[in-house]
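Residue numbers (my numbering), protein chains in the order written: chain V, 1 to 292; chain F, 293 to 573; chain D, 574 to 959.
By construction, the Cβ of each residue, glycine as well, lies at the ideal position given by its N, Cα and C atoms.
A quick write-up on the structure given underneath.
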Amino acid sequence: MSTFIQAVVAGIAAGAVYGLLGAGFSLAYKTTGIINFAHGDIAMLGAYVTFSVFGWGAPLFVAALAGVVAGGLAGAVMERGVLRPLYKRPLVAGILATVGVSVVLQSVIQLVWGSLPLTLPSLASSTPWRIGSVAFSPAQAVLLAVTIIVSTALIFAVDRTRVGRGMRACAQDSGVVVLFGISPERLYLTAFAIAGMLAGLAGALITPTIGLTPSRGVSLSVLGFAAAVLGGLGSVTGAIVGGIAIAVLRNLASVYVSAGYADAVAYLAIVLVLLVRVRGLLGDDLETVRSV
Amino acid sequence: MAPEERDVIPGRRRSRAVAPGDASGAVGLVVEDVVSGYRGAPSVVHDMSLSVAPGEVVAVLGRNGAGKTTLLSTISGVLRCRRGRVALGDEQLSGMPAPRIAAAGVAHVPEGRRVIPGMSVDDNLRLGGYSLRSRTVIEEQLRSVIGLFPMLEPWRRRVAGSLSGGEQQMLAIARGLMGKPRVVLLDEPLTGLAPILRAEVLGVVDAMRTAGHAILIVEQNAAETLPFADRVLVIHEGRITLSGSAAEMASSSAIQEEYLGLPIGRTAGEPCPTREESRRW
Amino acid sequence: MVSHIKWAGAAMVGAAALAAVGCGGSDKTSSASDAGSANAVKVAIVQPYSGDSAYYGEYADQAFKLAMEELGSTPGGHAITFVRGDSKCVPTAAVQAGNQVLAQSPVAVMAPACSGDTLALKPLLKARNVSACSINLHPEITEANGKIVRAAPSDAFTNELFAKYIADKGVKKIGILHDTSGYGQGNVDTLVSSLEKNGVKVAVNATYDFADTDYSGQIVKLKKAKVDAAYFEGYDLAAGNLVKQAKQLQLDVPYYANTNAGNDTAEKAAGKSLDGVLFATAFLADSSDATRKFTATWQQKFNQAPNSDSVDLYQCAVVILKAIEATGKNATGATVGEQMAKVSAPGVTVGTMAFDASGDLNDPPVLIGTWKDGKAVLVDRLSGAE
Ligand SMILES: Nc1ncnc2c1ncn2[C@@H]1O[C@H](COP(=O)(O)OP(=O)(O)O)[C@@H](O)[C@H]1O
Ligand SMILES: [Mg+2]
């Protein structure tokens, strides 16, 4: 039993970051319809910036904030510079452009920081507390707390604020919202900037566990995408739940089946969920129906 | 209209109060020699000129395809003027992007209602007040608009997509009023509604006139619109072919033949028209 | 190398593929001295020069630079020109890079640092009759007659001694975590068979992927199996990350690890968690006069601490230069190969580098090291003279 609990607890902590990745992914998708394959690379950029600022002597917390800002800037620049000129073209042009951005970001990272793996300390101690026979570390607690705070704020922003409402409306009918004084272009920029900040945060949070290598972003994109799809593309809450579900499933599969099949089991579960519920765990019915 | 009536429209952020007896008198919507059309296609609207004063209802009649929707989209900035100008008071609107025109006080209630189906009635209304910016002002305006549309009260938490056509039309008009507009453009608000609901919508239009809005209403359904209009324009193939006071028009033989003899209004249950300029992102 | 894409759709695969080809797959040519001289010869360096393993390419260049400063830049009067191929740590890329550089008729090849790349290159080297020096640990790298020599001990050899060492520590039931790379798989295969020969039961033998961001599932599995020791195999970062996460999850048993756990990167990733972890390696900075001297020189010259990879690459550079020197006036692929087979050169991890008939080092070094207060220290020497 304690094995089970331990696998679940560790999975929740790991999955929280996947959820943050997925939330940014979802937000960008929700407003623009773009599946951003550079999302994970923006996360790595945030992590590398965190690394550098920390290296210059800033406290880790401040360095992580710098990483968040860098992610937001990268998202904004990407929207303005790359995606905006493509809005009049078919959606697939924008999506392919994000693949290009991913490649460029990896090269830039390698040019600036080199390919030698780098590391970052975690925001809190990784010496675990022992709760019964289950281990849980302050670092994991911080991770979880940050995810809860940030995702709650984000969910509130999307559900309750003026700009959040604009984004949701824009996702459903970008043609009509201009009649209310909403500028879709501005919302796209905002969405990409926020998504970039979320990516940067996820990057700064996850690198103490995985370290920094230039091409790591690809696997982060996969995780974010999987979390967002499982949760229901477009739903922030869904992405968080989806991220945690994936990590917990992978852990349980590693423990009770075989580590070699962990991914297969997790992704099979996603496929099954999507077969039963096309819109994902928490996806919005109507939105999906309209966009299909 | 008495000048003080304009104050019934609660203080707009960008409104330029016109002093009573202002010499210029330019307070309403002015459209001058406008030519417009769709991207990559020949012009649809030609040399169109019209004006709508505050507290006035101007009806634009015309057959399907005459260019009525195109005219409204040009005023609200969804389409660009190819020539001519649109102004509200002494503020030039043509050339501004659509969101800024909306913020300047033009509410365009589009054809087919276009409510956001996945959002609640309240959120749809709040969306209409987007350009008011401040949360408290939006909530205040929400209360006052609900006051004007008491029928919306019981549906406030419902998802807009689950409302009937008539209910959605009410919502669409109410949403237009959320932004405290000076000008309201209504594109076929009666289409697809049951007679009782049509009367209700026209009652709302009447109240809006009393409140001092300048109203441009586009309709195929002349019989019901005429009694409510102050002035009427008939357009055909993008040009104004007839104009005059509602009373004159009601007795015009051309109108009687064209519109009153054979009402062309669509029947209820007809699907929403396709959106123009729609792109998913 | 990030070959983890199991599901995310064609576009994601496209992203990875583009990432693999996108960043500079060039083979640069550079001349160390007067390339126009009559006795000029070419030496090929096939290494990852782009991608996540590009630092190996950097190490290889540094290794030659240092070796030529110490042994002279014109061995046997031959001016050396380097031709470089970018193998990216991807076997298909290695073959492509190999074809490009071998077309320029080099007299010797510095084989890529990733075992999979070298294995893929072997047929090409054979077809061109060019010899190579490798630092790969995979058992099946070397070729007889100096065709492919190895300036490092093979995993088969290391693990035989390491397994016995682990068994002697009283370990009865061990859990193993390793990655799915060619090296990771090969290394663990030799370890498992040696452990079993020594009566140690391998209760869990689980894998993780390079792309994994979390190992808690695998580690919990080790806990569940109630193993009394754990062995972690991983490239630099992963080696450290595994140990760190195992400590976090309170897998409270002795840890054993592969040579990468002795690298600085691993220490940076894991910090104090690495204290007490026992790893088998060929190189420890502080294990002999030769290693201390080398470490100081490398540190001073390149402003970074050497690790077993950079040391072994340096040893390969020395072997290649010495073999070219020994050919006298007539350096060709064939003659350099003959000389490699019988070379006797000063080494760092071993006093003298000489190869047996199969191309492996005579008396290869196997050290047991651990971390203590941020420094890698020698615990035991299982093989190899200083
Ligand atoms: N999105 C569009 N693109 C190109 N032409 C259009 C578009 N929408 C309408 N039109 C054309 O413009 C003309 C006027 O249409 P419209 O203004 O919608 O007429 P009405 O509203 O009076 O029925 C028609 O000939 C129609 O075919
Ligand atoms: Mg129309």
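Item	Value
To the nearest angstrom, how far is it from the Cα of F:V526 to the Cα of F:L364?	14 Å
Please go through the same chain and pick out, in chain order, the residues whose beta-carbon is closer than 6 Å to the beta-carbon of D:N732, but skip the five residues on each side of it.	T763, L764, S767
Going by DSSP, what residues sit across from F:H338 in a beta bridge?	Per DSSP, none; premise fails for F:H338.
Taking C-beta pairs closer than 8 Å, name the residues in chain V that D:Y781 reaches, listed in chain order.	A259
Looking at the unbroken beta strand (DSSP E) that takes in F:H528, where does it start and where does it end?	523-528
Tell me which same chain residues have a C-beta within less than 7 Å of the C-beta of D:N833, skipping the five on either side of it?	G807, Y808, D809, A812, A839
Quick one: list the residues of chain V neighbouring D:V793, beta-carbon separation under 8 Å, in chain order.	T3, Q6, A7, A10, N251, S254, V255
Answer yes or no: does any C-beta atom of chain V fall closer than 7 Å to that of F:S456?	no
Closest to D:L644 by C-alpha separation, out of D:T900, D:D728, D:V891, would be which residue?	D:V891
Going residue by residue through the segment 838-865 of chain D, where are the continuous alpha helix (DSSP H) segments of at least 4 residues, counting only ones entirely within it?	none
Hey, does V:A157 have any beta-carbon neighbour from chain D nearer than 7 Å?	no
Using a C-beta to C-beta distance shorter than 9 Å, which residues of chain V count as neighbours of D:T838?	L116, P117, L118, T119, G211
Do D:Q791 and D:Y804 have their beta-carbon atoms positioned less than 7 Å apart in this structure?	no
Decide if D:G609 is buried, meaning its Cβ has at least 16 other Cβ atoms within 10 Å, or exposed.	Reliability of the predicted coordinates at D:G609 is poor, the pLDDT of 43 falling under 50, and the value obtained from them is presented with this limitation in mind. Flag for D:G609 reads exposed.
Ignoring anything shorter than 3 residues or poking outside the segment 708-782 of chain D, list the beta strand (DSSP E) runs there in chain order.	721-723, 746-752, 774-781
What residues from chain F crowd round V:Q172, counting only those whose CB sits closer than 8 Å?	I408, P409, G410, M411
Measuring only between beta-carbons, confirm whether D:A797 sits less than 7 Å from chain V.	Here residue 797 of chain D is Lys; the residue named in the question, Ala, does not match the sequence. It does; some Cβ of chain V falls within 7 Å.
Use the C-beta contact count for F:P346: other C-beta atoms within 10 angstroms, 16 or more gives buried, fewer gives exposed.	buried
Please report the straight-line C-alpha distance between V:V273 and V:V255, rounded to a whole angstrom.	22 Å
Along the chain, where does the beta strand (DSSP E) containing D:D659 start, and where does it finish?	653-659
Using the DSSP secondary-structure output, state which residues sit across from D:S704 in a beta bridge.	D:A681
Just to confirm, are F:I430 and F:G420 a CB contact at a threshold of 7 Å?	no
Could you tell me whether the Cβ of F:Y330 comes closer than 7 Å to any Cβ of chain V?	no
Please state whether DSSP places V:F4 in a helix, a strand or coil.	helix
Specify the secondary structure class of D:A949 as computed by DSSP and reduced to three states.	strand
Exposed or buried, what is V:W129 when buried is set at 16 or more other beta-carbons lying within 10 Å of its beta-carbon?	exposed
For F:I430, which residues in chain V fall below 9 Å Cβ to Cβ?	R162
Expressed to the nearest angstrom, what Euclidean distance is found between the alpha-carbon atoms of D:I653 and D:S678?	13 Å
If you measure beta-carbon to beta-carbon, which residues of the segment 375-395 of chain F are closer than 9 Å to chain V?	P389, A390, P391, R392, I393, A394, A395
Tell me whether D:N709 is buried or exposed, calling it buried when 16 or more other Cβ atoms sit within 10 Å of its Cβ.	buried
If you check the beta carbons only, do F:V398 and F:S386 fall under 7 Å apart?	no
Could you have a look at F:I408 and say whether DSSP puts it in helix, strand or coil?	coil
Output, in sequence order along the chain, the residues in the segment 125-141 of chain V whose CB is closer than 7 Å to any CB in chain D.	S126, P128, R130, A135, S137
Exposed or buried, which one is V:F61 when buried takes at least 16 other CB atoms within 10 Å?	exposed
Tell me whether F:K602, by its Cβ, gets closer than 6 Å to a heavy atom of ligand 2.	Since the displayed chain F opens at 293 and closes at 573, residue 602 of chain F lies outside it and no answer follows.
Reducing DSSP to helix, strand and coil, say where D:I941 ends up.	strand
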